[in-house]
Amino acid sequence: MTQWERLQQLDTVYSQRAFDLYNRDEFPMEVRHYLAHWIEGQDWERASRDSSQAAFLFQVLLENLDNQFSRFAQEKDSFLLQRNFRRYKQNFQVSNFLSDISAMLDAADILCSALIDEELVDWKRRQQKSCIGAPDDTSLEHLEKWFTQIIECMFQLQKFLQKLDELVGKMTYDNDPILVRKPPLKSRVDTLLTHLIKSSFVVETQPSMPQGRGPLVLRTNVQFSVKVRLLYKVSELNHVMKVTVSVNKFRKFNVLGTLSKALNMAESMNGGMVADFRHLVSPSSSCMFINLVLCFVQLSLSVTEELHRITFQTQFDYQGLSVPLETSSLPVVVVSNSSQQQSAWASVLWFNMLCSDPKNVKFFETSPAATWPQFGEMLSWQFLSCGKRGLDSDQLETLAIKLFGKQQSYDSCKISWTKFSKENLPDTNFTLWVWLDGILTLVKLYLSDLWSDGSIMGFVSKGKERLLLKKKQNGTFLLRFSESIKDGGITFSWVQYANDGTPSVQTVKPFTSTDLKQIALPDILCNFRIMVAENIPVNPLCYLYPNTPKDQAFGKYYSEKTGDPPSFSDAGDDDLLLQVFEKSPMLSSSTTDDDMLNSILDSDSECTVPDAFPPTAPHTSPSCLQHNFSESPLDIFADALSPDIDVNVTLHEFINSPNILNGINLRMLPEESDDFVLDSGLIQDLGYPNIPLTP
């Protein structure tokens, strides 16, 4: 006896409770009655845990309903049951289909949340950071693929629900599950589609000028470009999606140029739907600017702290769904002349470093401070953009010490917007940002290769510089940025040893863009000379810190004519040494007074004049000066006095002789202390002027 048969034998009170369970269309009593043997023979507990087993039993249930329907068709008095069983099967199928759609929408909700609230947000943040130099991937291919697939699935569901409408139009009945459950499902599909399509309209390339300081800095009356993209790759679209552009009304700007463009695939590299605005111009604002200036003075905001958003709008109509689309650029700074671009770029850096809300155009009214990890990372991105290499931990620590003093940890240290861009550095007339930007410009224009390959130490304190060099062999040098040059300067220091083995560090005055525009730094290092006893020119630079031979480090950057002396003319004796190295002039004691010497040397070096090199002893001499020669090159001059000898040719041979130092008795200058300063009156007696004029 089946459970169903025993249930029918219960008292009326109890049996009625059981019958009430089957008094709804979810599982009719007739189905329970006629399929009792099959139903009670299945493992429903397992089916509740195993979706594949549940799907299998559902299909068998439908087959059993068909079989029972066939049996009723053969019985004369079973017409009503036959009709009911056909309806039961249809209800099961429809309910199952609607349940599947509901489950798909539940999964789609989760997927859309991950796509829009996580992946898209992460991409926008990566794009924001990439605008200020971060090496983040801003490709949209994966997002476009995901958006397209999910949106296509939603449109398919929309079509299935429309088919159910056709089914209802042919036949319906009381408590039809289609009439009850379809409307909320359609509403969910439309909501998801609308949300997805609105989110898929993005700014692919942020506004920028062709020769601008960086993205998001625009100048009035100068063209700029910006590109928007629809991440849904529509297979077929029966209308043109016109995109219009406008600027927010924080300050009045009229954008000139093509203000409306159609989304199309022709301007995309990979077939995406894009609109590329390439010739937009922001003209100067009209008389309203005067009123706004008064307002800004009250808010203590400068023009370069005003943030503006460029907005794009279009309309999406497809398969009965109409969605207005709008997206905006990251905040831009609009300036009226090139002198404001440096400050404008500082604002762009600060905003995009700290704020992830692109709608916050009033950010600088209460600008937050940056933590050192945030600030250091942003600075590293700037050097990575300009010179293909970021800042290492030692360089960052040097900057941190400069800003905060020596600390156990700098993670909790903060720097304010005012300290970054408005307050002058101690003992200078320029801000931290102006100093850093000058160095970045120098690296970008003249030092990118040297910075990229790690030849420039860059940021190192003078104290640490001397500590590092004094542990190295004679002639070891390093390159660092000047701390006193507003527009960026680079200098080099080297170590040399006295007779007693005492080291001293010498530094030349920094080279600026004016100098490097005339001669590249590698050529300066190659041709650099100081004058030792007997007015002999010597290059004291032998090893790039820590121990790389100079020519190995910089040889690949030397110009073809580096080190080649020019042909001599009728110049007098006092001018000869000034002409020998055309790209790195030298001074001798016969041509230089005390004031000129002091103008050449960096006042921060340990001595006003560098000490002479010691004799070629193993513990004091650089290896680049250790050579054994059988004959002194000075013997050349004995023959040079002959009237048959061309003096210019002889001097050329002398300067290029590899034996130039052999037999020369270098007179030494004892160093009394690291702070020893040579009396200028001794300069002429020593016959030892020193340093090159900067080119």
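Residue numbering for the sequence shown follows the working numbering, starting at 912 and increasing by one per position.
Virtual Cβ for every residue (Gly too), placed ideally from N, Cα, C.
Asked, Found
"Pick from SER1213, ALA984, VAL1371 and LEU1452 that is closest to GLN1440, judged by C-alpha positions", "For the sequence presented, residue 1440 should be read as Arg rather than Gln. Checked all of SER1213, ALA984, VAL1371 and LEU1452; the closest Cα to ARG1440 is LEU1452."
"7 Å Cβ shell around LEU1090 - same chain, five flanking residues per side excluded", "VAL1079 and THR1083"
"Inter-residue Cα distance where the pair is ASP1076 and HIS944", "32 Å"
"Nearest neighbour of LEU1380, chosen from PRO1414, ASN1002, ASP1101 and CYS1023 [CA to CA]", "PRO1414"
"Strand pairing of LYS1345, partner residues [DSSP]", "It is worth fixing the name first, because residue 1345 is Val in this sequence and not Lys. In DSSP, VAL1345 forms no bridge with anything."
"Close beta carbons around LEU1068, own chain, < 7 Å, minus the five adjacent residues each side", "ILE1012, MET1015 and VAL1100"
"Inter-residue Cα distance where the pair is VAL1032 and TYR1469", "47 Å"
"Which residues DSSP lists as bridging PHE1392, in chain order", "ILE1401"
"Which listed residue (LYS1330, THR1329, THR1309 and SER1327) has its alpha carbon closest to that of SER1320", "THR1309"
"For GLU1237: DSSP bridge partner residues", "GLN1224"
"Neighbourhood of ALA1607 by C-beta, 6 Å cutoff - its chain only, sequence neighbours within 5 removed", "No information on residue 1607 is available, as it lies outside the stretch 912 to 1606 that the chain covers here."
"ILE1435, DSSP secondary structure in three states", "helix"
"From GLN979, ALA984, ASP1020 and ASP1017, residue whose alpha carbon lies closest to that of LYS1000", "GLN979"
"Where ASN1335 falls: helix, strand or coil (DSSP)", "strand"
"Check whether PHE1066 and GLN1230 have beta carbons under 8 Å apart", "yes"
"Segment contact, 8 Å Cβ cut-off, at least three pairs: the stretch 914–933 with the stretch 964–980", "no"
"Bounding residues of the beta strand (DSSP E) (the contiguous stretch that carries PRO1279)", "Careful: PRO1279 lies outside any beta strand (DSSP E) and carries neither H nor E."
"Residues bridged to LEU1455 (per DSSP)", "PHE1388 and THR1459"
"For SER963, three-class secondary structure by DSSP", "helix"
"Chain D contact for GLN920 (CB, 8 Å cutoff)", "Checking the listed chains, one finds no chain D in this structure; it contains a single protein chain."
"Anticipated Cβ contact below 8 Å, VAL1139 with THR1049, distance rounded", "Actually they are not in contact, since the Cβ atoms of VAL1139 and THR1049 sit about 14 Å apart, beyond 8 Å."
"C-beta contact flag for LEU1351 and GLN1306 at 8 Å", "no"
"Within 8 Å, strictly: CB atoms of GLY1287 and VAL1354", "no"
"Beta-carbon proximity check, PRO1242 vs PRO1279, cutoff 8 Å", "no"
"PHE930 - DSSP class collapsed to helix/strand/coil", "helix"
"Integer Cβ distance of LEU1356 from LEU1432, believed to fall under 8 Å", "LEU1356 to LEU1432, Cβ: 11 Å. No contact."
"Rounded separation between PHE930 and ILE1062 - CA only", "45 Å"
"Backbone CA spacing between GLU916 and LYS1081 [nearest angstrom]", "39 Å"
"Contact test: LYS1467 Cβ vs the ligand MG heavy atom, cutoff 7 Å", "Annotation note on the ligand MG: not contained in the displayed structure, which lists no ligands."
"Spatially closest choice to LYS1382 from GLN914, ASN1458 and GLU1276, by CA coordinates", "ASN1458"
"Given LEU1390 as reference, the closest of SER1250, THR1402, ASP1462 and ILE1396 once Cα atoms are compared", "THR1402"
"When PHE990, SER1393, LEU1148 and PHE1262 are compared against LEU1232, the one with the closest alpha-carbon", "LEU1148"
"Between the CA atoms of LYS1070 and GLN1122 - distance to the nearest angstrom", "50 Å"
"Chain-order list of residues whose beta-carbon lies under 8 Å from that of LEU1103 (same chain, five-residue window excluded)", "LEU1016, ALA1019, ASP1020, CYS1023 and MET1065"
"Unbroken beta strand (DSSP E) run spanning GLU1115, endpoints", "1112–1119"
"DSSP state of ALA1257 mapped onto helix, strand, coil", "helix"
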